[in-house]
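Start counting the sequence shown at 1; every next residue gets the next number (my numbering).
So the structure is just underneath, and the comments pick up after that.
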Amino acid sequence: MSKAIAIFDFDGTLIAGDSLLPFLERVVGKRKARFAMVRSLRAAVMRASRGKGGDIRTQVKAGLLARTLKGVPAEKAQQAADDLAGWLRWHPPTLNALRRHADKGHRVIVATGALALYMPRLLADLPVDGLMATEMESVDGVLTGHMQGGNCVRDEKARRVAELLESDGPFTTTYGYGNRPSDLPFLALMQHPTIVPTVGRRGKPKPGTDDAE
């Protein structure tokens, strides 16, 4: 019997736009979230100019999460996840592909840099078997603002995918769906990779653009 797996990116692939900032706006308010984004970008650029900080996109994200989620009760984050569900705009071609794989009995995984805080709520109505996402640290039900286990994007996402293929395989066929260039590392591991032009909030593909992970 065939054992196939299909792995899907989320932001800009399954949905239009990037979900992180809209989520944070629902946690702390639009003004505070956007101000935190500006401060985090400036701080990351300054560190990069001094030859420090590593991956600038992950540094921006780390700063943004620390400035918005530190001290937030996990329960409040879950309420924001419920609100975010109404913001979603699915990308029909990729969503239909996911459902086709599920109908064929393929194992369906979503691998994303989005936060595990809200992803289960957004995927609740889909035939998804597993999730790889960016975890947030919490202590006694309160978020610390720190990522736990790394940022699930680019090479880290590919590492987790490779680990899954090794631990749960072998798979007779592997399918991957993601946008470029951030998903190319994990797509390189797939027998049948599909590059989805990054879908913006207006629903129009943006060939050659990266996502905000």
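No residue lacks a Cβ here, since even glycine has one placed at the ideal position from N, Cα and C.
For residue i, which residues in the same chain have their Cβ closer than 6 Å to its Cβ, ignoring the five residues on either side in sequence?
| i | result |
| --- | --- |
| valine 128 | Val108, Val110 |
| alanine 212 | Residue confidence is low: alanine 212 scores 42 on pLDDT, short of 50, so the model does not pin down where it sits. No coordinate-derived value is stated. |
| threonine 58 | Asn151 |
| threonine 174 | Ile5, Met190, Gln191 |
| lysine 3 | Phe171, Thr172 |
| arginine 180 | Ile195 |
| valine 60 | Ser40, Leu41, Ala44 |
| arginine 160 | Met132 |
Since residue i is in the beta strand (DSSP E), which residue starts that stretch and which ends it?
| i | result |
| --- | --- |
| alanine 4 | 4-8 |
| valine 142 | 142-148 |
| valine 139 | 130-139 |
| threonine 174 | 173-178 |
Between residue i and residue j, is the Cβ-Cβ spacing less than 8 Å?
| i | j | result |
| --- | --- | --- |
| valine 199 | histidine 106 | no |
| tyrosine 177 | alanine 97 | yes |
| phenylalanine 35 | threonine 112 | no |
| leucine 115 | alanine 133 | yes |
| leucine 14 | leucine 95 | yes |
| alanine 48 | glycine 63 | no |
| arginine 154 | proline 193 | no |
| methionine 147 | leucine 65 | yes |
Spatial neighbours of residue i within its chain, please: C-beta separation below 8 Å, excluding the five flanking residues on both sides.
| i | result |
| --- | --- |
| valine 27 | Ala33, Thr68, Leu69, Val72, Lys76, Ala77, Ala80 |
| proline 22 | Leu84, Trp87 |
| valine 142 | Gly71, Val72, Pro73, Ala74 |
| arginine 201 | Ala16, Gly17, Arg89 |
| lysine 104 | Ala4 |
Leaving out five residues on either side along the sequence, give the residues of the same chain with a beta carbon under 7 Å from the beta carbon of residue i.
| i | result |
| --- | --- |
| threonine 144 | Lys70, Glu137, Ser138 |
| threonine 209 | Legend: pLDDT at threonine 209 = 42, less than 50; position of this residue unreliable, no value from coordinates given. |
| proline 207 | With a pLDDT of only 44 at proline 207, under the threshold of 50, the placement of this residue in the model should not be trusted, and no figure is reported. |
| glutamate 156 | Gly150 |
What are the boundary residues of the alpha helix (DSSP H) that residue i is part of?
| i | result |
| --- | --- |
| methionine 190 | No alpha helix (DSSP H) contains methionine 190, which DSSP labels as neither H nor E. |
| valine 28 | 20-28 |
| aspartate 155 | 154-168 |
Do we get a CB-CB distance below 8 Å when we pair residue i with the residues of chain C?
| i | result |
| --- | --- |
| valine 153 | Annotation note: the requested chain C is absent from the structure, which comprises a single protein chain. |
Should residue i go down as buried or exposed, given a rule of 16 or more other Cβ atoms within 10 Å for buried?
| i | result |
| --- | --- |
| isoleucine 7 | buried |
| methionine 119 | buried |
| methionine 37 | buried |
| lysine 52 | exposed |
| glutamate 166 | exposed |
| glycine 130 | exposed |
| aspartate 183 | buried |
| glycine 29 | exposed |
| glutamate 25 | buried |
| glycine 12 | buried |
Going residue by residue through the stretch 89-115, where are the continuous alpha helix (DSSP H) segments of at least 4 residues, counting only ones entirely within it?
Here the runs fully enclosed are 92-103.
Unbroken alpha helix (DSSP H) runs of length 4 or more, entirely within the stretch 47-92: which are they?
Counting only runs of 4 or more, we get 56-69, 74-84.
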